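Q:
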Amino acid sequence: MSAPAPFRDASRPVAERIEDLLGRLTLEEKVDQLHQCGIGDANPNNLAARADEFRATYGSFILNGAQADLATRNALQRMCVDQSRLGIPAIFGCDVIHGYRAIAPIPLAQACAWDTELVRRACAATAEMAHAHGVDWTFAPMVDHCVDPRWGRVAETFGESAFAASRFAEASVRGYQEGATPIAACLKHYVGYGASEGGRDYSPTEVSPQSLWDNHLPPFEAGVRAGAKSVMSAFNDLNGVPTSANRHTLTEILRERWKFDGLVVSDWNAVLQLLNQGFAATEAEATARAIAAGVDLNMADGFYRQHLPQLVRAGVVPLAAVDEALRRVLRVKFEIGLFERPFIEANALTSAAPTVAQLALCEEFAVRSLVLLKNESDTLPLPATAKRVALIGPLATERAALLGSWAQQGRGDETPSIAEELRVRLPHGFELRVESGCAIEGGARDGFADALAAARDADCVVLALGEQWTMSGENGSRSTIRLPGLQEELALAVAALGKPTALVLVTGRPVELHAIEPRVAAIVAAWQPGSRAGAAIARVLLGEANPSGRLAITWPRTTGQIPLFHQMRPRARREPEGCYQDVPTTPHYAFGHGLSYTRFDYGQIRLSHASVRAGETLVAEVTVTNRGTRAGRETVLWFIRDPAASITRPLRELKHFESAELAAGEARVFRWEIVPERDLAFPDAVGARRLEAGEIQVFAAERSVTFTVLA
2 MSAPAPFRDA
12 SRPVAERIED
22 LLGRLTLEEK
32 VDQLHQCGIG
42 DANPNNLAAR
52 ADEFRATYGS
62 FILNGAQADL
72 ATRNALQRMC
82 VDQSRLGIPA
92 IFGCDVIHGY
102 RAIAPIPLAQ
112 ACAWDTELVR
122 RACAATAEMA
132 HAHGVDWTFA
142 PMVDHCVDPR
152 WGRVAETFGE
162 SAFAASRFAE
172 ASVRGYQEGA
182 TPIAACLKHY
192 VGYGASEGGR
202 DYSPTEVSPQ
212 SLWDNHLPPF
222 EAGVRAGAKS
232 VMSAFNDLNG
242 VPTSANRHTL
252 TEILRERWKF
262 DGLVVSDWNA
272 VLQLLNQGFA
282 ATEAEATARA
292 IAAGVDLNMA
302 DGFYRQHLPQ
312 LVRAGVVPLA
322 AVDEALRRVL
332 RVKFEIGLFE
342 RPFIEANALT
352 SAAPTVAQLA
362 LCEEFAVRSL
372 VLLKNESDTL
382 PLPATAKRVA
392 LIGPLATERA
402 ALLGSWAQQG
412 RGDETPSIAE
422 ELRVRLPHGF
432 ELRVESGCAI
442 EGGARDGFAD
452 ALAAARDADC
462 VVLALGEQWT
472 MSGENGSRST
482 IRLPGLQEEL
492 ALAVAALGKP
502 TALVLVTGRP
512 VELHAIEPRV
522 AAIVAAWQPG
532 SRAGAAIARV
542 LLGEANPSGR
552 LAITWPRTTG
562 QIPLFHQMRP
572 RARREPEGCY
582 QDVPTTPHYA
592 FGHGLSYTRF
602 DYGQIRLSHA
612 SVRAGETLVA
622 EVTVTNRGTR
632 AGRETVLWFI
642 RDPAASITRP
652 LRELKHFESA
662 ELAAGEARVF
672 RWEIVPERDL
682 AFPDAVGARR
692 LEAGEIQVFA
702 AERSVTFTVL
712 A
């Protein structure tokens with residue numbers, strides 16, 4: 002019996018297995034391995050008749066869609082393993098963004114919990130469920146930097162802080178790749194995609210080299226350092242060069258500077274879109290530009306498969322470029338064990354509804370991500386004297402909207418609404434009346450009369466307003482961040498009745514509140530909290546849970562203030578010169594804002610030393626005391642400001658965060674160990690780090706202190 006080919010021997014080094022397999026492949030087989038194919042409506046019963054569409058030699062398939070189940074995945078894999086000459090398994094990817102079947106809060110909401118361990122746990126649980134349904138590889142985490150909430154994909158970001166996004170990127174990668182059932186992670190969208198002009202998706206981006214290194218690149222670098230196995234190039238034109246054909250970002254920074262050795266996959270049809278962007282005249286030219294820049298795996302458009310063989314034979318693309326791209330694709334396949342375990346066996350999770358444990362984690366995350374923006378006169382939690390409660394608004398009975406965009410295989414019929422959860426949780430003797438008032442969008446006022454009648458008869462009112470899930474996410478940009486339809490009009494009409502009114506917002510972004518906010522007593526930003534949204538919202542409204550979320554994004558007063566963010570640089574003149582004449586320069590709610598049902602007091606910041614230099618550390622401490630009568634969780638956000646530097650620095654720059662539960666009356670010391678090279682140095686326009694002598698201000702809540710960096 003002959004020995005197996007070296008590439009099939011799992012005891013050999015991965016590099017050796019790759020080279021052996023490379024040497025056995027024809028050019029066409031190599032190129033097919035660089036193609037990623039969407040499965041559309043493929044299923045085990047129609048694959049044989051569609052052999053030309055789904056070749057056994059293709060390197061990867063995308064499992065998004067209704068047919069994305071384990072049986073289809075394994076049927077495609079059987080085709081690849083049994084019907085191709087060398088039996089190379091495909092890798093199956095999927096946009097698993099914030100859950101699979103069991104849906105966690107959208108990433109923007111997750112960031113408001115300020116808990117990297119919770120992010121890691123959620124990603125590990127997601128990986129387990131996704132893998133049971135055939136997924137080897139998720140196109141997550143998304144770590145784009147965005148300060149424009151008009152952009153629909155702001156919902157998929159971890160907020161506006163590059164530092165926070167970096168920590169959540171690390172946690173996500175660890176969760177997906179290091180759990181009990183790992184899947185490969187993918188950092189996307191590389192790079193600058195979140196700066197799309199006017200918040201319009203797929204638009205060009207103009208990002209200065211300084212901003213690129215300050216804001217856009219750090220989360221990707223953090224994810225690479227955490228071991229992410231793949232990176233997705235973006236749709237956008239970055240300063241005139243599309244990111245899916247940008248050698249500077251894909252090769253010079255990603256591979257040469259950061260030493261990334263995983264695979265780069267283009268986003269959907271991104272190579273084809275080089276034609277739309279005016280960066281290539283022909284499909285063949287687009288193909289040559291993409292592979293020369295560093296795109297290894299071509300998603301969806303098929304340009305590599307159609308044009309690379311001819312380009313190689315014509316000498317336009319070196320065979321070495323194809324081989325190097327394939328090395329990276331094969332490395333990931335070998336590292337995740339696809340050659341040894343090409344098929345995924347069905348288990349208890351494959352056909353079952355989400356487990357109790359998975360839903361409990363989703364609920365915990367949803368509760369932690371809710372942000373109490375306003376609570377005048379302790380309107381929340383709803384008082385025991387308020388026996389008649391009116392729940393009004395189009396989000397009161399919505400289900401699918403609670404899940405958000407990219408709710409992979411999440412089901413609205415498994416998602417209890419706010420009304421359902423509030424009804425079962427209200428104490429005996431309470432009466433709940435539910436009226437939608439109006440639709441999420443549209444101009445019909447037919448429901449206003451019933452809604453106003455319900456509010457008039459109630460002791461207190463809860464308004465449930467917001468967006469449909471389709472209004473954010475990819476291709477979900479909006480020209481205004483006002484509430485859609487007649488919701489603002491409904492809110493003002495209800496509030497005019499003078500009843501204690503709490504507003505719950507179910508959205509994928511901050512929304513304008515300047516007209517509504519003065520007229521309601523309490524506001525909860527619930528975001529799109531996922532499968533257990535109704536339970537989380539009801540628990541917070543009734544006081545069963547104490548809200549602890551804090552904004553990971555600045556909340557503007559109006560659309561016209563955008564962009565508005567905490568890490569802005571100082572202006573040339575002080576206010577009021579150069580400011581808007583019709584609106585304050587300040588946001589409605591600042592980055593980091595979030596209230597609780599208890600009260601936390603901050604002591605003075607204490608420093609271990611008055612100065613520090615490179616190679617030393619300095620410790621900052623602050624004592625936080627829970628002055629209320631119930632337990633609560635507080636997050637301490639540590640900011641710095643460098644008031645005079647060779648490159649102007651932000652007015653506030655987040656550098657550390659920590660959260661902890663404090664019992665009533667408990668005091669806790671929060672510490673930040675400041676390492677100058679890590680925490681105080683900043684990049685220049687080419688990414689070189691500078692640590693400069695001078696004063697540094699440190700902030701925690703309203704407290705601040707100054708120390709000196711010595712040369």
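Numbering (this note's numbering), first residue to last: 2 to 712. Glycine included, C-beta positions come from ideal geometry on N, C-alpha and C. What you are looking at is a predicted structure, and each value in this text was computed from that prediction instead of being measured.
Below 8 Å on the Cβ atoms is my contact criterion, and I expect residue 464 with residue 420 to pass it. Report the Cβ-Cβ distance as a whole number of Å.
A: For the purposes of this step, residue 464 is taken as the residue at position 463 of the sequence shown. For the purposes of this step, residue 420 is taken as the residue at position 419 of the sequence shown. With 8 Å as the limit, residue 464 and residue 420 do not qualify as a contact, their Cβ atoms being about 13 Å apart.
Q: Please classify residue 579 as buried or exposed, where buried requires at least 16 other C-beta atoms within 10 Å of its C-beta.
A: Here residue 579 corresponds to residue number 578 of the sequence shown, with the count starting at 1. So residue 579 ends up on the exposed side.
Q: Would you decide whether residue 657 is buried or exposed? Buried here means 16 or more other CB atoms lie within 10 Å of its CB.
A: For the purposes of this step, residue 657 is taken as the residue at position 656 of the sequence shown. Per the 10 Å Cβ criterion, buried.
Q: With H, G and I counted as helix, E and B as strand and the rest as coil, what does DSSP make of residue 241?
A: The count along the sequence shown starts at 1 and reaches residue 241 at position 240. Coil.
Q: Evaluate residue 8 with the Cβ neighbour count: other Cβ atoms within 10 Å of its Cβ, from every protein chain shown; 16 or more gives buried, anything less gives exposed.
A: Sequence index remark: in the sequence shown, residue 8 carries index 7 (1-based). Under this definition residue 8 is a buried residue.
Q: Measuring only the C-alpha atoms, how far is residue 407 from residue 695?
A: Counted from its first residue, the sequence shown places residue 407 at position 406. Counted from its first residue, the sequence shown places residue 695 at position 694. For residue 407 and residue 695, the distance between alpha carbons rounds to 46 Å.
Q: Quick one: Cα of residue 410 to Cα of residue 358, how far?
A: The residue labelled residue 410 in the question sits at position 409 within the sequence shown. The residue labelled residue 358 in the question sits at position 357 within the sequence shown. Looking at the two C-alpha atoms, the distance is approximately 18 Å.
Q: Below 8 Å on the Cβ atoms is my guess for residue 82 versus residue 343; work out the distance and round it to an integer in Å.
A: Indexing the sequence shown from 1 puts residue 82 at position 81. Indexing the sequence shown from 1 puts residue 343 at position 342. Indeed they touch by this definition, with Cβ atoms about 5 Å apart.
Q: Nearest to residue 404 by alpha carbon, out of 197, 377, 468?
A: As a working note, residue 404 is residue 403 in the sequence shown. Closest by alpha carbon: 468.
Q: If we ignore side chains and look at the alpha-carbon of each, how far apart do residue 237 and residue 325 end up?
A: As a working note, residue 237 is residue 236 in the sequence shown. As a working note, residue 325 is residue 324 in the sequence shown. So the two alpha carbons sit approximately 25 Å from each other.
Q: Between which two residues does the alpha helix (DSSP H) containing residue 524 stretch?
A: As a position in the sequence shown, residue 524 is number 523, starting the count at 1. Careful: residue 524 lies outside any alpha helix (DSSP H), inside the beta strand (DSSP E) at 523 to 526.
Q: Would you report the Cα separation of residue 653 and residue 571, rounded to the nearest angstrom?
A: As a working mapping, residue 653 is identified with position 652 in the sequence shown. As a working mapping, residue 571 is identified with position 570 in the sequence shown. Using only the alpha carbons, I get a separation of about 10 Å.
Q: Could you tell me the distance, in whole angstroms, from the CA atom of residue 414 to the CA atom of residue 128?
A: As a first step, residue 414 is located in the sequence shown; it is residue number 413 there, counting from the start. As a first step, residue 128 is located in the sequence shown; it is residue number 127 there, counting from the start. Cα-Cα distance, rounded: 23 Å.
Q: Where does residue 689 sit, in a helix, a strand or coil, going by DSSP?
A: As a first step, residue 689 must be located in the sequence shown, where it is residue number 688. Coil.
Q: Between which two residues does the beta strand (DSSP E) harbouring residue 695 extend?
A: In the sequence shown, the residue the question calls residue 695 occupies position 694. Looking at the DSSP string, the run of the beta strand (DSSP E) that includes residue 695 is 695 to 701.
Q: May I ask you to verify whether the region 677 to 685 touches the region 595 to 606, counting CB pairs closer than 8 Å and requiring at least 3?
A: By the C-beta criterion, the region 677 to 685 is judged not to be in contact with the region 595 to 606, since fewer than 3 inter-stretch pairs fall below 8 Å.
Q: Determine the direct distance from the alpha carbon of residue 331 to that of residue 319, and round the result to whole angstroms.
A: Here the question's residue 319 lines up with position 318 in the sequence shown. Here the question's residue 331 lines up with position 330 in the sequence shown. Rounded to the nearest angstrom, the two C-alpha atoms are 19 Å apart.
Q: Taking DSSP's pairing of strands, which residues face residue 660 in a bridge?
A: To locate residue 660, count along the sequence shown from 1; it is residue 659. According to DSSP, residue 660 bridges with 636.
Q: Starting from residue 233, trace the alpha helix (DSSP H) in both directions and tell me its first and last residue.
A: Counted from its first residue, the sequence shown places residue 233 at position 232. Taken as a continuous stretch (DSSP letters only), residue 233 belongs to no alpha helix (DSSP H), being part of the beta strand (DSSP E) at 231 to 234.
Q: Given a threshold of 16 other Cβ atoms within 10 Å of its Cβ, counted over all protein chains shown, does residue 75 qualify as buried or as exposed?
A: Position 74 of the sequence shown holds residue 75. Residue 75 comes out buried.
Q: Can you have a look at residue 260 and say buried or exposed, based on whether 16 or more other CB atoms are within 10 angstroms of its CB?
A: Walking along the sequence shown from the start, residue 260 turns up at place 259. Its Cβ having fewer than 16 others within 10 Å, residue 260 is exposed.
Q: Fully enclosed by the region 378 to 408, which beta strand (DSSP E) runs are 3 residues long or longer?
A: 389 to 393
Q: What's the C-alpha gap between residue 187 and residue 108?
A: Within the sequence shown, numbered from 1, the residue matching residue 187 stands at position 186. Within the sequence shown, numbered from 1, the residue matching residue 108 stands at position 107. In this model, residue 187 and residue 108 are separated by some 15 Å (Cα to Cα).
Q: Which of helix, strand or coil does DSSP assign to residue 214?
A: Taking the first residue of the sequence shown as 1, we reach residue 214 at position 213. Three-state DSSP puts residue 214 in a helix.
Q: Excluding sequence positions up to five away, which residues of its chain have a Cβ less than 6 Å from the Cβ of residue 715?
A: Outside the modelled stretch of the chain, which goes from 2 to 712, sits residue 715, for which no answer is possible.
Q: Assuming contact is defined by CB atoms lying nearer than 8 Å, are residue 36 and residue 303 in contact in what I supplied?
A: Taking the first residue of the sequence shown as position 1, residue 36 is located at position 35. Taking the first residue of the sequence shown as position 1, residue 303 is located at position 302. Yes, they are a contact pair.
Q: How is the beta strand (DSSP E) around residue 710 delimited, first residue to last?
A: Translated into positions along the sequence shown, residue 710 becomes position 709. Run containing residue 710: 704 to 710, per the beta strand (DSSP E) assignment.
Q: Given a threshold of 16 other Cβ atoms within 10 Å of its Cβ, counted over all protein chains shown, does residue 339 qualify as buried or as exposed?
A: On the sequence shown, residue 339 is found 338 positions in, with the first residue counted as 1. Classification for residue 339: buried.
Q: Using 10 angstroms around the beta-carbon of residue 268, count the other beta-carbons present and answer buried if the total reaches 16, otherwise exposed.
A: Stepping through the sequence shown from its first residue, residue 268 is reached at position 267. It counts as buried.
Q: Let's test the definition: count the other Cβ atoms within 10 Å of the Cβ of residue 422 and tell me whether it reaches 16, buried, or not, exposed.
A: Here residue 422 corresponds to residue number 421 of the sequence shown, with the count starting at 1. Flag for residue 422 reads buried.
Q: Which residue spans inside the region 147 to 226 form an unbroken alpha helix (DSSP H) run of at least 4?
A: 163 to 179, 219 to 226
Q: Using a Cβ-Cβ cut-off of 8 Å (strictly less than) and excluding sequence neighbours within five positions of residue 210, which residues of its own chain qualify?
A: Within the sequence shown, numbered from 1, the residue matching residue 210 stands at position 209. Around residue 210: 686, 687.
Q: Quick one: which unbroken alpha helix (DSSP H) runs of 4-plus residues sit fully inside the region 45 to 108? Chain order, please.
A: Listed in chain order, the complete alpha helix (DSSP H) runs (minimum 4 residues) inside the region 45 to 108 are 71 to 84.
Q: Identify, in the order they occur along the chain, each residue of the same chain with its Cβ nearer than 7 Å to the Cβ of residue 383, setting aside the five sequence neighbours on each side.
A: Working through the sequence shown from its first residue, we reach residue 383 at position 382. Hits under 7 Å: 390, 461, 542, 543.
Q: Pull up the distance between the alpha-carbon of residue 215 and that of residue 163, whole angstroms please.
A: Residue 215 sits at position 214 when you count from the first residue of the sequence shown. Residue 163 sits at position 162 when you count from the first residue of the sequence shown. Those two C-alpha atoms are separated by around 8 Å.
Q: Considering only C-alpha positions, which residue in the set 649, 308, 592 is nearest to residue 286?
A: Position 285 of the sequence shown, counted from the first residue, corresponds to residue 286. Answer by Cα proximity: 308.
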